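Student:
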Amino acid sequence: MIREKVKVGIPGIDNMLEGGLIPGRPYVVSGASGTGKTSVAIKFLLEGASAGEHVLYVAIDEPPNEVKSNMRSFGWDVSRVHVFDATSDILSYDKTPVRDVSTERKVVLFSSVPSNIRKTSEKGPADITINTIQEILKQEMKVRKYSRVVVDSVTSLRRFYIRTSEEYMALQSFFRLLSDLDITTLLTVQLPDTPRPDAESHMARGEIRLHKWLDGRGLVRGVTVEKFRGSYHDHSMRPLRITDEGPSVKLAAPRRRGEPRREEAEEPEPAIEPEAKAQAPAESQPPEPPPPDDAGGGAP
Amino acid sequence: MTAIPQMRVSTGIEGVDTMLRGGLIPGRPYVVEGPFGSGKTTFCIQFLQQGVRQGERALFVAIDEPPSELRENVRFLGWDVGKIRILDVHPAAKAYSKRVSLVEVAAQRAVGSLREARADAKTESMKQMSPDLTPQSLQLMLKQELQEVRYSRVVIDSLTSLKRLSASEGEDIDSGILSLLRFLSEANLTSLFVTDVPDPASLEPEMFLSRGVIRFHKFMVSSRTERFISVEKFRGSAHDTQPRPLRITKSGIQVDAEKKVGKSVLKMFDAVPAEFR
Numbered sequence: 010m011i012r013e014k015v016k017v018g019i020p021g022i023d024n025m026l027e028g029g030l031i032p033g034r035p036y037v038v039s040g041a042s043g044t045g046k047t048s049v050a051i052k053f054l055l056e057g058a059s060a061g062e063h064v065l066y067v068a069i070d071e072p073p074n075e076v077k078s079n080m081r082s083f084g085w086d087v088s089r090v091h092v093f094d095a096t097s098d099i100l101s102y103d104k105t106p107v108r109d110v111s112t113e114r115k116v117v118l119f120s121s122v123p124s125n126i127r128k129t130s131e132k133g134p135a136d137i138t139i140n141t142i143q144e145i146l147k148q149e150m151k152v153r154k155y156s157r158v159v160v161d162s163v164t165s166l167r168r169f170y171i172r173t174s175e176e177y178m179a180l181q182s183f184f185r186l187l188s189d190l191d192i193t194t195l196l197t198v199q200l201p202d203t204p205r206p207d208a209e210s211h212m213a214r215g216e217i218r219l220h221k222w223l224d225g226r227g228l229v230r231g232v233t234v235e236k237f238r239g240s241y242h243d244h245s246m247r248p249l250r251i252t253d254e255g256p257s258v259k260l261a262a263p264r265r266r267g268e269p270r271r272e273e274a275e276e277p278e279p280a281i282e283p284e285a286k287a288q289a290p291a292e293s294q295p296p297e298p299p300p301p302d303d304a305g306g307g308a309p
Numbered sequence: 099m100t101a102i103p104q105m106r107v108s109t110g111i112e113g114v115d116t117m118l119r120g121g122l123i124p125g126r127p128y129v130v131e132g133p134f135g136s137g138k139t140t141f142c143i144q145f146l147q148q149g150v151r152q153g154e155r156a157l158f159v160a161i162d163e164p165p166s167e168l169r170e171n172v173r174f175l176g177w178d179v180g181k182i183r184i185l186d187v188h189p190a191a192k193a194y195s196k197r198v199s200l201v202e203v204a205a206q207r208a209v210g211s212l213r214e215a216r217a218d219a220k221t222e223s224m225k226q227m228s229p230d231l232t233p234q235s236l237q238l239m240l241k242q243e244l245q246e247v248r249y250s251r252v253v254i255d256s257l258t259s260l261k262r263l264s265a266s267e268g269e270d271i272d273s274g275i276l277s278l279l280r281f282l283s284e285a286n287l288t289s290l291f292v293t294d295v296p297d298p299a300s301l302e303p304e305m306f307l308s309r310g311v312i313r314f315h316k317f318m319v320s321s322r323t324e325r326f327i328s329v330e331k332f333r334g335s336a337h338d339t340q341p342r343p344l345r346i347t348k349s350g351i352q353v354d355a356e357k358k359v360g361k362s363v364l365k366m367f368d369a370v371p372a373e374f375r
């Protein structure tokens, strides 16, 4: 029996996921730069925080002070979100010894993040690896029981913080730890403009992919659910908009398999196809082609 | 409209500032990308010139072009850019003498103002030994330079060349770029990294580490070269989602942020540039 689903907090996306994510599992939010991954991930944390849950943001790409000020431009208050600053230090090219990061940096609330960037310690850079982050997550779970964690981005984690030839193993063990800790996790993954399937997409239990492209309408954004184990999901691309209030997805009519479409349901936004390329990603789970009339056209 | 008014850094081009809803957010690194001849360097010079006009210190790191040529090109536009300071790291022909160690690199490269850029700069630097240029050595040079002058704007032209030059050195380029971006952020510099059109199938670290991407476009529209500019990504701010026509005039780059690009031309914008299709 599956527990109650965890809402992402963006109604259109929750709708695409038939109510939300399955608790305690790791998921991927992927997309090229500028598609809105961080905004979606932060919204997911805020949704939990507003329900009184403990939520944690692991900052790898962007310094926490910038995330804090960026989210303010949506009018979002992130002060109750815990944050671990795992952004890298300036590399020192002389022979200063590197120190273990766990002795230096602590998980704090966003409310106590200063407006300026953290400066690299005079004593030299602190060393972060995927193992450090795993250790910190384990320790933190003993301090308070987090229900939602975001790692932004796992691409940087993989690219800069895995210092072993066993890259795939290290990543596997990271995913394993997340599900063992029973946290619903969103991991952001940076995609090149022409996406190829990556290891993270295979390991995650589901993938929400954000798209953007330029066409006759200007810059257009869309969202798809590429994969979602253990649940039915929407197979169409839905329009994603990032406004002054943050990301939003026009609601598609909710539907269960075999269930006739409800009469009062709002007319779903027609599925959109990028005019450019639309290269089908080779998934471990073959994505079903979107039916021409998406929302239960077969129903009377 | 933002909830809390933010300080913005003017790019020096009115239309682009409008597209960025006021300008860039200070102290953050940005990417300026586009094909050759699309106006990237001109844009960057205008960005620096705007800083100088406001009494700031601005630094141009010249990798692609020797400063003397840059000066000539800018003068052609009729600008006086004498106050922009320039760090000449243009790689001279590789000397066959022993490699210089990294510590010495910084001592070899001097920052001069663009006005002083001499016509014989090319030959001059050829006489020197040619130390390796990598993100790492550049960070060291900038560190030394920042101890002397408090800059607020810096342009690296181009990151593509910096990467190509470092490729043979066996250094971890990705980590070097990560560190260089961090270094500029901690120094509270608003920086522009110039890059060529990236291969859409590869994931370059600056694409996801930068806080914004301004893309330049250039193509033939009814046998005329037309240029356009678009904001691809801008963290922490709303931005124009339409590409806008860009013209390089005698007084520099002009962008009309009100002008819509025609439907037929918009169709030419494709996420995948022609050379990779």
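One line per chain: the protein sequences are A and B, in this order.
When we follow this note's numbering, the leftmost residue of the first sequence carries the number 10, and every step to the right adds one.
When we follow this note's numbering, the leftmost residue of the second sequence carries the number 99, and every step to the right adds one.
Think of the CB as a built atom: it goes at the ideal place given N, C-alpha and C, for glycine as much as any other residue.
In this text, all values refer to a predicted model and were calculated from it rather than measured experimentally.
Should A291 (chain A) be flagged as near chain B, meaning a C-beta pair shorter than 8 Å?
Tutor: Reliability fails at A291 (chain A), whose pLDDT of 41 lies under 50, so the model's placement of it is uncertain and the value that follows must be treated cautiously. Chain B, which has no Cβ nearer than 8 Å to the Cβ of A291 (chain A), makes this no.
Student: What is the C-beta distance between V107 (chain B) and I327 (chain B), in whole angstroms, given that I count them as a contact (C-beta under 8 Å)?
Tutor: Not a contact, Cβ separation roughly 17 Å.
Student: Name the DSSP beta bridge partners of M318 (chain B), please?
Tutor: B:T323
Student: Run through DSSP, which three-state label would P35 (chain A) get?
Tutor: strand
Student: Between L279 (chain B) and the rest of its own chain, which residues show a CB-CB distance below 6 Å, the 5 nearest in sequence each way excluded?
Tutor: P127, L307
Student: Given this structure, state the Cα-to-Cα distance separating V159 (chain A) from N74 (chain A), to the nearest angstrom.
Tutor: 16 Å
Student: Listed in chain order, which residues of the region 150 to 182 of chain A have Cβ atoms closer than 9 Å to some Cβ of chain B?
Tutor: S162, T164, S165, R168, F169
Student: For a quick check, are the C-beta atoms of P298 (chain B) and P201 (chain A) less than 8 Å apart?
Tutor: yes
Student: Taking A95 (chain A) as the reference, which of A:T129, A:E13, A:G57, A:R247 has the closest Cα?
Tutor: A:T129
Student: Helix, strand or coil for S101 (chain A)? Go by DSSP, reduced to three states.
Tutor: coil
Student: Where T194 (chain A) and R34 (chain A) are concerned, what is the direct C-alpha to C-alpha distance, given to the nearest angstrom?
Tutor: Approximately 6 Å, taken between the alpha carbons.
Student: Any C-beta of chain A within less than 8 Å: which residues of the region 231 to 245 of chain B qualify?
Tutor: Q234, Q237, L238
Student: Is A156 (chain B) closer than 8 Å to L185 (chain B) when the C-beta atoms are compared?
Tutor: no
Student: Using a Cβ-Cβ cut-off of less than 9 Å, give me the residues of the region 48 to 63 of chain A that come near chain B, in sequence order.
Tutor: none
Student: Could you say which of A:E175, A:S42, A:S59, A:V152 lies nearest to K16 (chain A) if we only look at CA atoms?
Tutor: A:S59
Student: Using 8 Å as the threshold, is the C-beta distance between L240 (chain B) and F291 (chain B) below it?
Tutor: In this structure, L240 (chain B) keeps its C-beta atom at 8 Å or more from the C-beta atom of F291 (chain B).
Student: Sort out for me which residues DSSP pairs P343 (chain B) with in a bridge.
Tutor: Per DSSP, B:F326.
Student: According to DSSP, which residues form a beta bridge with F54 (chain A)?
Tutor: Checking the sequence, you will find Leu at residue 54 (chain A) rather than Phe. According to DSSP, L54 (chain A) bridges with nothing at all.
Student: Whole-angstrom Cβ separation of D161 (chain A) and Y241 (chain A), contact assumed at under 8 Å?
Tutor: In fact, because the Cβ distance is near 28 Å, the residues do not count as touching under 8 Å.
Student: Closest Cβ-Cβ distance between M305 (chain B) and chain A: below 8 Å?
Tutor: Chain A contact via Cβ: present.
Student: Which value, in whole angstroms, describes the spacing of the CA atoms of S124 (chain A) and L118 (chain A)?
Tutor: Cα to Cα, S124 (chain A) sits roughly 13 Å from L118 (chain A).
Student: With burial defined as no fewer than 16 other Cβ atoms inside 10 Å of the residue's Cβ, what is the status of A265 (chain B): buried or exposed?
Tutor: exposed
Student: Answer yes or no: do L364 (chain B) and V353 (chain B) have a C-beta to C-beta separation smaller than 8 Å?
Tutor: no
Student: At what residue ranges does the region 193 to 275 of chain A contain a whole run of the beta strand (DSSP E), taking only runs of 3 or more?
Tutor: Counting only runs that start and end inside the region 193 to 275 of chain A, the beta strand (DSSP E) elements of at least 3 residues fall at 193 to 199, 215 to 224, 227 to 237, 247 to 252, 255 to 258.
Student: Shortest alpha-carbon distance to P296 (chain B) belongs to which of B:I312, B:F332, B:T140?
Tutor: B:I312
Student: L175 (chain B) touches chain A at which residues, Cβ-Cβ below 8 Å?
Tutor: Those within 8 Å of L175 (chain B) in chain A number zero; the least Cβ separation is about 29 Å.
Student: Ends of the beta strand (DSSP E) at S156 (chain A)?
Tutor: Taken as a continuous stretch (DSSP letters only), the beta strand (DSSP E) holding S156 (chain A) covers 155 to 161.
Student: Do we get a CB-CB distance below 8 Å when we pair G225 (chain A) with the residues of chain B?
Tutor: Closer than 8 Å: yes.
Student: What is the rounded straight-line gap between the Cα of L55 (chain A) and the Cα of G29 (chain A)?
Tutor: Spanning the two alpha carbons is a distance of roughly 15 Å.
Student: Spatial neighbours of F184 (chain A) within its chain, please: CB distance less than 6 Å, with the 5 preceding and 5 following residues excluded, ordered by chain position.
Tutor: Cβ neighbours of F184 (chain A) beyond the five flanking positions: P35, M212.
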